[in-house]
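Engineer: This structure is in structure tokens; I'll ask about it shortly.
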Amino acid sequence: MNVILSIGGRDVKVRGLELNNRIPAVCVPVTDTACSDITEHIRDLSSQTDMIEWRMDFFEDIASLEKLPHIFKEVRTAAGDTPLICTLRTQKEGGRYSGNDYEDVLKACAASGCADIVDIEYDTISHSRSFISEISGSGVKTILSHHDFKMTPDGKTMFDYLEGMRDAGADIVKLAVMPQDALDVERLLGVTVDFHLKYPNTPEVTMSMGKTGVISRVSGGTSGSCITFGADKEASAPGQLDYLELKEIIRILAEAGRD
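Right, dumping it as structure tokens:
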């Protein structure tokens, strides 16, 4: 089964779903630590949500490269035909991973066939274009991402991040920032719209984190952000809504916006 990300006329094929800039897909992060809990959680979610993000940085044996092939196989089996994003979030970008094998883990994940999409931190890899090419060579799509848990930069800085990630060859670009007030949220949404208008063929994912930025998690149909993240057992980032509530809000907004 193919997933088609159809943004402004461009199709990014993955597995069983159509992502677009009108109705954002709901993705649920899985942050369990033990292999059995990870696979059980993913299996339970596979029929309940549009996409799943496996946060590999929470896996208790992530530092043991020799143990990764087994869990990669188990996770892919558990996800079935549900699109799977695999993410190794570093501590400096709000995650748990502090090891020295960041690129090796992502390469192994891509080569294993576990992931449909691999999240790559823009500021963590040294040669983004060549690394993206290597990951893509395994038949995997890429999200190039940047996270700022302290502030919301000015509009030009945020736009430059999105544009730089696009120019590096990412299939999808992602930007998450922390607002101090409503004006920060408004600025992030404005940048999201501006980027979509300039680059309608590049799928983007943006969010303003925390309670102040919750509106950004449900407004993708207006701003152009094509994926939104909702929590199941616990949130993996500040401001995430319960994924079932998030699905319902997006459904209501989509119906209200129909001609």
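Oh and the sequence shown: position 196 is 196 in UniProt numbering, straight run, nothing missing. Ideal Cβ placement from N, Cα and C applies to all residues, glycine included. Being a predicted model, the structure only gives us computed values, none of them experimental.
Measuring only the C-alpha atoms, how far is Thr157 from His146?
Structural biologist: Your numbering for residue 157 matches position 157 in the sequence shown. Your numbering for residue 146 matches position 146 in the sequence shown. Roughly 12 Å separates the two Cα atoms.
Engineer: Around the C-beta of Ser133, are 16 or more other C-beta atoms found within 10 angstroms, so that it is buried, or is it exposed?
Structural biologist: Within the sequence shown, the letter at position 133 stands for residue 133. Exposed, since its Cβ has fewer than 16 Cβ neighbours within 10 Å.
Engineer: For His147, which residues does DSSP report across the bridge?
Structural biologist: Counting from 1 along the sequence shown, the entry for residue 147 is found at position 147. DSSP lists Ala176 as partners of His147.
Engineer: Taking the beta strand (DSSP E) that Val205 belongs to, which residues open and close that run?
Structural biologist: For the purposes of this step, residue 205 is identified with residue 205 of the sequence shown, where counting begins at 1. Taken as a continuous stretch (DSSP letters only), the beta strand (DSSP E) holding Val205 covers Glu204 to Ser208.
Engineer: Taking 6 Å as the limit between beta carbons, can you name the residues of its chain near Ile71, skipping five residues before and five after?
Structural biologist: The sequence position of residue 71 within the sequence shown is 71, counting from 1. These residues qualify, in order along the chain: Cys35.
Engineer: Helix, strand or coil for Ile194 per DSSP?
Structural biologist: For the purposes of this step, residue 194 is taken as the residue at position 194 of the sequence shown. Residue 194 is actually Asp in this sequence, not Ile. Here Asp194 sits in helix by DSSP.
Engineer: Taking a contact to mean a Cβ-Cβ separation below 8 Å, would you say Leu38 touches Asp32 in this structure?
Structural biologist: Mapped onto the sequence shown, residue 38 falls at position 38. Mapped onto the sequence shown, residue 32 falls at position 32. Leu is not the amino acid found at residue 38; the sequence shown has Ile there. Contact flag set, yes.
Engineer: With DSSP as the reference, label Ala170 as helix, strand or coil.
Structural biologist: Stepping through the sequence shown from its first residue, residue 170 is reached at position 170. Of the three classes helix, strand and coil, the one that applies to Ala170 here is coil, per DSSP.
Engineer: Is Ala231 helix, strand or coil by DSSP?
Structural biologist: Position 231 of the sequence shown, counted from the start, is the residue given in the question as residue 231. In the structure shown, Ala231 sits in a strand (DSSP, three-state: E or B).
Engineer: For Ile117, which residues in the same chain have their Cβ closer than 8 Å to its Cβ, ignoring the five residues on either side in sequence?
Structural biologist: For the purposes of this step, residue 117 is taken as the residue at position 117 of the sequence shown. Around Ile117: Val14, Pro83, Leu84, Ile85, Cys86, Val140, Lys141, Thr142, Ile143, Asp171 and Ile172.
Engineer: Within its chain, find whatever has a CB closer than 6 Å to the CB of Thr202; leave out the 5 residues flanking it on each side and keep chain order.
Structural biologist: By one-based count along the sequence shown, residue 202 stands at place 202. Hits under 6 Å: Arg166.
Engineer: Could you work out which residue in Ala25, Glu93, Ala78 and Glu18 is closest to Ser236 when comparing CA atoms only?
Structural biologist: Numbered from its first residue, the sequence shown carries residue 236 at position 236. Checking every option, the nearest Cα to that of Ser236 belongs to Glu93.
Engineer: Kindly give me the distance between the Cβ atoms of Thr152 and Gln180, rounded to whole angstroms, as I take these residues to be in contact under 8 Å.
Structural biologist: As a first step, residue 152 is located in the sequence shown; it is residue number 152 there, counting from the start. As a first step, residue 180 is located in the sequence shown; it is residue number 180 there, counting from the start. About 7 Å separates the two Cβ atoms, so the contact holds.
Engineer: Measure the alpha-carbon distance for Ala115 versus Val218 and round it to whole angstroms.
Structural biologist: In the sequence shown, the residue the question calls residue 115 occupies position 115. In the sequence shown, the residue the question calls residue 218 occupies position 218. Roughly 25 Å separates the two Cα atoms.
Engineer: Can you give, in chain order, each stretch of the beta strand (DSSP E) that sits fully within the stretch 66 to 114 and has at least 3 residues?
Structural biologist: Correct list: 84 to 87.
Engineer: When you compare each of Ala168, Leu175 and Cys109 to Val193 by their alpha carbons, which one comes out closest?
Structural biologist: Within the sequence shown, numbered from 1, the residue matching residue 193 stands at position 193. It is Leu175.
Engineer: Going by CA-CA distance only, name the one from Leu162, Gln48, Glu40 and Leu17 that's closest to Lys247.
Structural biologist: Here the question's residue 247 lines up with position 247 in the sequence shown. The candidate whose alpha carbon is nearest that of Lys247 is Gln48.
Engineer: Express the C-alpha separation of Thr77 and residue 261 in angstroms, rounding to a whole number.
Structural biologist: Residue 261 is absent from the structure shown; the chain starts at 1 and stops at 259.
Engineer: Please look up how many angstroms separate the CB atoms of Trp54 and Ile42, rounded, as I've assumed it's under 8 Å.
Structural biologist: If you number the sequence shown from 1, residue 54 lands on position 54. If you number the sequence shown from 1, residue 42 lands on position 42. Sure, about 7 Å apart at Cβ, within 8 Å.
Engineer: On the DSSP bridge assignment, give the partners of Pro29 in chain order.
Structural biologist: The count along the sequence shown starts at 1 and reaches residue 29 at position 29. Paired residue(s): Glu53.
Engineer: Below 8 Å between beta carbons: does that hold for Ile23 and Ala254?
Structural biologist: Here residue 23 refers to the residue found at position 23 of the sequence shown. Here residue 254 refers to the residue found at position 254 of the sequence shown. Yes, Cβ-Cβ distance for Ile23 and Ala254 is below 8 Å.
Engineer: Quick check: the Cα distance between Asp154 and Ser136, rounded to an integer number of angstroms?
Structural biologist: In the sequence shown, counting from the first residue as 1, residue 154 sits at position 154. In the sequence shown, counting from the first residue as 1, residue 136 sits at position 136. Their Cα atoms are separated by approximately 32 Å.
Engineer: Express the C-alpha separation of Ala256 and Val105 in angstroms, rounding to a whole number.
Structural biologist: For this step, residue 105 is matched to residue 105 along the sequence shown. For this step, residue 256 is matched to residue 256 along the sequence shown. Computed Cα separation, rounded: 43 Å.
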